[in-house]
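A.B. asks: Residue numbers (our numbering): 44 to 365.
No residue lacks a Cβ here, since even glycine has one placed at the ideal position from N, Cα and C.
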Amino acid sequence: MSYQSENSAAQQGANSRISFKIDPAASSPKSTQNSDTPIIEWAKIAPNKVVVASDSRAWLLEQKPGSNQFQKPPAKYFSEPMTGQGSIATTRQLLDGAIAAAKFAVNSDVRPPALTATRWLWRLANQYHLCNAYPTFIKEAARRFNRANRTTLAHWAAEKAKEEAGHDLLALKDIYSLGYDAEATVRKLVSPTAKALIDYFARSVQDDNPIDSVGYSYTMERIALGIDEEYIKKTQALFPSNINATRCLQEHSNVGVDAKHVNETIEMIALLTSQERICIARACYETALICFSPPYKGYMTDNILQPILNDLKLNTHIENAC
44 MSYQSENSAA
54 QQGANSRISF
64 KIDPAASSPK
74 STQNSDTPII
84 EWAKIAPNKV
94 VVASDSRAWL
104 LEQKPGSNQF
114 QKPPAKYFSE
124 PMTGQGSIAT
134 TRQLLDGAIA
144 AAKFAVNSDV
154 RPPALTATRW
164 LWRLANQYHL
174 CNAYPTFIKE
184 AARRFNRANR
194 TTLAHWAAEK
204 AKEEAGHDLL
214 ALKDIYSLGY
224 DAEATVRKLV
234 SPTAKALIDY
244 FARSVQDDNP
254 IDSVGYSYTM
264 ERIALGIDEE
274 YIKKTQALFP
284 SNINATRCLQ
294 EHSNVGVDAK
304 HVNETIEMIA
314 LLTSQERICI
324 ARACYETALI
334 CFSPPYKGYM
344 TDNILQPILN
354 DLKLNTHIEN
364 AC
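(1) If we call anything under 8 angstroms between Cβ atoms a contact, is LEU268 one with VAL305?
(2) So which of PHE147, ALA96, ILE312 has the shortest CA-CA distance to ILE254?
(3) Classify LYS386 as helix, strand or coil using the three-state DSSP reduction.
(4) Can you tell me where the alpha helix (DSSP H) with ILE333 in it begins and where it stops?
(5) What residues are listed by DSSP as bridge partners for VAL94?
(6) Taking the alpha helix (DSSP H) that SER256 belongs to, which residues open and close that run?
(7) Using DSSP with H/G/I as helix, E/B as strand and the rest coil, what is TYR339?
(8) For the putative contact between LEU240 and ILE270, defined by C-beta atoms under 8 angstroms, what is the C-beta separation to the nearest angstrom?
(9) Would you please state the rounded distance, in angstroms, between the beta carbons of ALA225 and CYS174? I believe it to be under 8 angstroms.
(10) Whole angstroms is fine: what's the gap from SER260's alpha carbon to LEU164's?
(11) Let me check understanding here. Comparing Cα to Cα, which of SER317, ASP139, ASN252, TYR223 lies closest to ILE266?
(12) Can you tell me which residues form a DSSP beta bridge with LYS356?
(13) Counting Cβ pairs closer than 8 angstroms, one from the stretch 144 to 156 and one from the stretch 191 to 199, do we hit at least three?
(14) What beta strand (DSSP E) runs, 3 residues minimum, are completely inside the stretch 117 to 152?
(15) Rounding to the nearest angstrom, what Cα-Cα distance links PHE147 and PHE335 in this structure?
(16) Given 8 angstroms as the limit, is there contact between the stretch 120 to 134 and the stretch 341 to 358, that is, 3 or more CB pairs closer than that?
(17) My parser needs the alpha helix (DSSP H) runs of 4 or more residues fully inside the stretch 180 to 223; what are they?
(18) Taking the Cβ atom as the reference point for each residue, do GLU183 and VAL248 lie within a distance shorter than 8 angstroms?
(19) For GLU272, which residues in the same chain have their Cβ closer than 6 angstroms to its Cβ, ignoring the five residues on either side in sequence?
(20) Considering only the alpha carbon of each residue, which of LYS205, HIS295, ALA201, GLY341 lies closest to LEU167?
(21) Would you tell me roughly how many angstroms separate the C-alpha atoms of LEU281 and LEU158, rounded to the nearest one?
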């Protein structure tokens, strides 16, 4: 995903791989599939940020404090709420653009510690917490969508609950296979990032219209697609060949089912109203901000983790737990 931050829409359009037209007589760009004008989607994801998407690219319009950028044609049209229908291609670019904009906004030089066997246990614990919370919350979203007669969203949420059920057990198996008391480990280890994500998800499903839960779900699965087979092999190489400690990781990667889930979710979102797509894009941005931001108090290091893990180790060594 490429961005040309703080350039005008006209400049960005000229530099893109496609061109698009803006009707000066309209309050927003045309966005109908029956028009000769390509579909354009856009969403305000923060007070000073708008993501604009075509079917092949996304741009970030960023207004600095005191700037009148959004008041000048043609960028001013994107300060108005998006109207009209979307498409699978433009909706995908819109949501991926919102996620990429969050990474660009964080732009931190702080990097997590190198992955070690000790740190992998920390990550497994937090995979557990995220997987454990998801089915309960998304079921609540399904109930509220159903109550509001949003049948498509209710069905999607109910299916998500089924798809993700039991994934927390994969993380427990991974921890157990490494010779640790799995239940005690996840009780002891909870990262601030996992807690912040779960809190955000909980708030999103408690709304009468839990549309933000769709953005949360898409973002978590979309980010997981960045985990490839090479990364899984590098992680597994931290341990003896007879120990499988990447079950949960494989399930939430581009070699698992998340690619299929992402495509299915995009197809559903593309059919929603323009206001709902705007809300989902904003939720993608907010979720991704949490994911990409370094912990306020710094990352947990091996020196801090190891003494905690020493008390959680089982007396007997477990090999290749199934």
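C.D. replies: This is what the structure holds:
(1) For LEU268 and VAL305, yes; Cβs fall inside 8 angstroms.
(2) Out of PHE147, ALA96, ILE312, ILE312 has the C-alpha closest to the C-alpha of ILE254.
(3) Shown here, the chain extends from 44 to 365; a query on residue 386 therefore has no answer.
(4) From DSSP, the alpha helix (DSSP H) with ILE333 extends over 317 to 335.
(5) The secondary-structure analysis by DSSP pairs VAL94 across a beta bridge with ALA86, LEU103.
(6) For SER256, the enclosing alpha helix (DSSP H) stretches over residues 255 to 267.
(7) Three-state DSSP puts TYR339 in coil, outside helix and strand.
(8) Separation of the CB atoms of LEU240 and ILE270 is rounded to 17 angstroms, and the pair is thereby denied contact status at 8 angstroms.
(9) The C-beta distance from ALA225 to CYS174 rounds to 13 angstroms, too long to fall under 8 angstroms, and the pair is not in contact.
(10) A straight line joining the alpha-carbon of SER260 with that of LEU164 spans about 24 angstroms.
(11) For ILE266, the closest alpha carbon among the candidates SER317, ASP139, ASN252, TYR223 is that of ASP139.
(12) Per DSSP, TYR223.
(13) When C-beta atoms of the stretch 144 to 156 are compared with those of the stretch 191 to 199, fewer than three pairs fall below 8 angstroms, so the two segments do not count as touching.
(14) Qualifying beta strand (DSSP E) stretches: none in this window.
(15) Roughly 9 angstroms separates the two Cα atoms.
(16) No: the two stretches stay apart, fewer than three of their Cβ pairs being nearer than 8 angstroms.
(17) Scanning the stretch 180 to 223 for uninterrupted alpha helix (DSSP H) segments of 4 residues or longer gives 194 to 207, 210 to 220, listed from N- to C-terminal end.
(18) It is a contact, given that the beta carbons lie within the stated cut-off.
(19) Cβ neighbours of GLU272 beyond the five flanking positions: VAL298.
(20) The option with the nearest alpha carbon to LEU167 is HIS295.
(21) Computed Cα separation, rounded: 9 angstroms.
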